[in-house]
Amino acid sequence: MSKSKILSGLPLKHPSVHCIGIGGVGVSAIAELLLECGCKVSGSDREINDSCRHLSGLGAVIAPAGHREENLPSEPCGGVIMTAAANFNNPEAAAMLRRGVMLWKRGEFLGELARVYDRPVMVAGSHGKSSTSAMLGWIMYKLNIDSGLLLGAKYNGNYRSARAGSGDILVAEADESDNLLPLLAGEVALISNIDGDHAWSDQERARQESDFRRFACQFKKTIYIESEKTNELFGRQANCTALGKKELSGLDALLPARFAGYERLNAALAVAGAAALQIDVHAAASALEDYPGIGRRQSQVWQSPDGKISVLEDYAHHPTELAASLAVIKSRYRNCRILVVIQPHRYRRLRCFFREFSSVLSDPALTVKVLPVFSAWEDAPVDALENSDLALSIQRNGGNAEAVDNNFAVLAGKLAAWCRENASGAVAALIGAGDISDLTPELIKALELTVKK
14 MSKSKILSGL PLKHPSVHCI GIGGVGVSAI AELLLECGCK VSGSDREIND SCRHLSGLGA
74 VIAPAGHREE NLPSEPCGGV IMTAAANFNN PEAAAMLRRG VMLWKRGEFL GELARVYDRP
134 VMVAGSHGKS STSAMLGWIM YKLNIDSGLL LGAKYNGNYR SARAGSGDIL VAEADESDNL
194 LPLLAGEVAL ISNIDGDHAW SDQERARQES DFRRFACQFK KTIYIESEKT NELFGRQANC
254 TALGKKELSG LDALLPARFA GYERLNAALA VAGAAALQID VHAAASALED YPGIGRRQSQ
314 VWQSPDGKIS VLEDYAHHPT ELAASLAVIK SRYRNCRILV VIQPHRYRRL RCFFREFSSV
374 LSDPALTVKV LPVFSAWEDA PVDALENSDL ALSIQRNGGN AEAVDNNFAV LAGKLAAWCR
434 ENASGAVAAL IGAGDISDLT PELIKALELT VKK
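Each residue of the sequence shown is one higher than the one before, counting from 14 in my numbering.
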């Protein structure tokens, strides 16, 4: 199938789209795929980021920062793709509705894209879906299989995280947070785990589990990592296959030794997905030898010349992810003192999992700095828990924690001083899904000044 046929298979009145929230990782990936297919793309976002600049270089028309009706293209538009964070009160969305233009949420349009491909592969789960889909996409790339790809993250290095492919296979991340999983169907579904993230009440958790169950039954084959919860949801479905201890052990034996902890589970699931597409498991596992990783997932971004001080980033923002991340850090940096700078992500998540966060971070071997909550553009509730509450709880549990502010330039100097005091072996782990990544260059700059001294 040619790329023009991929585009013509979509329900667009014209070969053009406008993207609201085009700088977000999910919408930007779709925009890049559509540009490759010859679609005209325009878009806007609250801020102009690297993804916006990248898309502009590919030919997208990016409006100045902010959302306003003036951002809309003057010529006829085939449809609007909008981030899950936007609603119909957005001035651009409202104007397009008045014009009679079709609007899709990102997850809805992913469903439309999947229908165009012969063999869609969707990777879902509470944790690990970005890494698993990136690993499967890398297997396709290394084995010269011209698959489509839509990642919810960026590869480290100069590798594409979105591509159209031939129209046969599409590998994409399926996000449960927008409640649109039941719209997806295809050839193979991969499910890593079900852990109730993005669900803040018993009712929401029940709805989310129902979404996962409906999602799983809409694929010719669904492969899931066995657990009590996944067996409960998928164990009786004829199209579902569990990866239990025996199957995981066999796959694990094929994987590169450099993967640790949860990374090995993600890699095993990716290889199982490749096998479901009739790809040799040994070839798939070998293809992961030089897997570059994706941004902010156990990403070591700086190391001192003597190798004794390291800085890494991780995206963990749920206590299960945080515990798994810390376990890998401890295994990789065995002789290092560990400094954890954590940014809680969303007030609702912090309240829902407050005890679990406190427990994970109360390990006395950790030095913990707690940044203010990243609200993800939601207003703080009246009864909001703050970073000071979490730091105090960690202290009461026997941990070593301090609430800090988000003046990153000043904070970076303090963190660099801590590293200098522990220069015989130290790792600073910057963990969170918000704007904590803005602290990274400040810390690296402060550490490089420290090394020169």
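Ideal Cβ placement from N, Cα and C applies to all residues, glycine included.
{"Asked": "Which same chain residues end up closer than 6 Å to residue 9 when comparing Cβ atoms and leaving out the 5 residues on each side of it in sequence?", "Found": "Outside the displayed range of the chain (14 to 466) lies residue 9, so it cannot be described from this structure."}
{"Asked": "Name the residue from 293, 336, 282, 119 whose alpha carbon lies nearest to the alpha carbon of residue 98.", "Found": "119"}
{"Asked": "Using only the alpha-carbon positions, how far apart do residue 260 and residue 454 sit?", "Found": "42 Å"}
{"Asked": "Roughly how many angstroms lie between the CA atoms of residue 213 and residue 319, to the nearest whole one?", "Found": "45 Å"}
{"Asked": "With DSSP as the reference, identify every bridge partner of residue 232, one or two as the case may be.", "Found": "199"}
{"Asked": "If we ignore side chains and look at the alpha-carbon of each, how far apart do residue 378 and residue 409 end up?", "Found": "15 Å"}
{"Asked": "Just verifying my parser: in three-state terms, what is the DSSP assignment at residue 358?", "Found": "strand"}
{"Asked": "Here's a check: name, in chain order, each residue in its chain whose Cβ is nearer than 6 Å to the Cβ of residue 82, leaving out the five neighbours to either side.", "Found": "104, 108"}
{"Asked": "Assign residue 395 to one of two classes, buried (16 or more other C-beta atoms within 10 Å of its C-beta) or exposed (fewer than that).", "Found": "exposed"}
{"Asked": "May I have a chain-ordered list of the alpha helix (DSSP H) segments no shorter than 4 residues that lie completely inside the stretch 17–45?", "Found": "none"}
{"Asked": "To the nearest angstrom, report how far apart residue 273 and residue 28 are at their CA atoms.", "Found": "44 Å"}
{"Asked": "At what residues does the alpha helix (DSSP H) containing residue 334 begin and finish?", "Found": "332–345"}
{"Asked": "Can you give me the Cβ contacts of residue 182 inside the same chain, cut-off strictly under 6 Å, excluding the 5 residues immediately before and after it?", "Found": "132, 160"}
{"Asked": "Where does residue 168 fall in DSSP's three states?", "Found": "strand"}
{"Asked": "Starting from residue 316, trace the beta strand (DSSP E) in both directions and tell me its first and last residue.", "Found": "312–316"}
{"Asked": "How close, in whole Å, do the beta carbons of residue 205 and residue 282 come, if the pair is a contact with beta carbons under 8 Å?", "Found": "6 Å"}
{"Asked": "Please report the Cβ distance between residue 177 and residue 135, rounded to the nearest whole angstrom; I am assuming they are in contact, meaning their Cβ atoms lie under 8 Å.", "Found": "About 17 Å; that fails the 8 Å criterion."}
{"Asked": "If you follow the beta strand (DSSP E) that residue 145 is part of, which residue opens it and which one closes it?", "Found": "Note, residue 145: premise wrong, no beta strand (DSSP E); alpha helix (DSSP H) at 142–155."}
{"Asked": "Return yes when the Cβ of residue 106 is within less than 8 Å of the Cβ of residue 116, no when it is not.", "Found": "yes"}
{"Asked": "If you compare alpha carbons, which of 125, 414, 67, 89 is closest to residue 113?", "Found": "89"}
{"Asked": "Roughly how many whole angstroms lie between the Cα atoms of residue 92 and residue 229?", "Found": "28 Å"}
{"Asked": "Find the nearest neighbour of residue 254 within the set 279, 233, 461, judged by alpha-carbon distance.", "Found": "233"}
{"Asked": "Under DSSP, the alpha helix (DSSP H) around residue 95 begins and ends at which residues?", "Found": "Counting along the chain, residue 95 falls outside any alpha helix (DSSP H), though it belongs to the beta strand (DSSP E) covering 93–95."}
{"Asked": "Taking DSSP as the reference, what is the three-state secondary structure of residue 442?", "Found": "strand"}
{"Asked": "Quick one: grab the DSSP three-state call for residue 284.", "Found": "helix"}
{"Asked": "Here's the rule I'm using: 16 or more other beta-carbon atoms within 10 Å means buried, otherwise exposed. How should residue 101 be labelled?", "Found": "exposed"}
{"Asked": "Can you give the Cα-Cα distance for residue 460 and residue 139, rounded to whole angstroms?", "Found": "35 Å"}
{"Asked": "Under 8 Å by Cβ, that's how I've got residue 398 and residue 452 pegged, so tell me the actual separation to the nearest angstrom.", "Found": "The Cβ separation is near 22 Å, so there is no contact."}
{"Asked": "Measuring straight from C-alpha to C-alpha, what distance separates residue 412 and residue 380?", "Found": "8 Å"}
{"Asked": "Rounded to whole angstroms, how far is the Cβ of residue 403 from the Cβ of residue 370, which I believe are closer than 8 Å?", "Found": "6 Å"}
{"Asked": "Tell me whether residue 423 is buried or exposed, calling it buried when 16 or more other Cβ atoms sit within 10 Å of its Cβ.", "Found": "exposed"}
{"Asked": "Quick check: the stretch 278–292 against the stretch 236–248, are at least 3 beta-carbon pairs closer than 8 Å?", "Found": "yes"}
{"Asked": "Mind pulling the beta strand (DSSP E) runs of 3 or more residues that sit fully within the stretch 84–128?", "Found": "93–95, 116–118"}
{"Asked": "Helix, strand or coil, according to DSSP, for residue 60 in the structure here?", "Found": "coil"}
{"Asked": "Is it the case that the Cβ atoms of residue 55 and residue 78 are separated by a distance below 8 Å?", "Found": "no"}
{"Asked": "Within 10 Å of its beta-carbon, does residue 250 have 16 or more other beta-carbons around it, so buried, or fewer, so exposed?", "Found": "exposed"}
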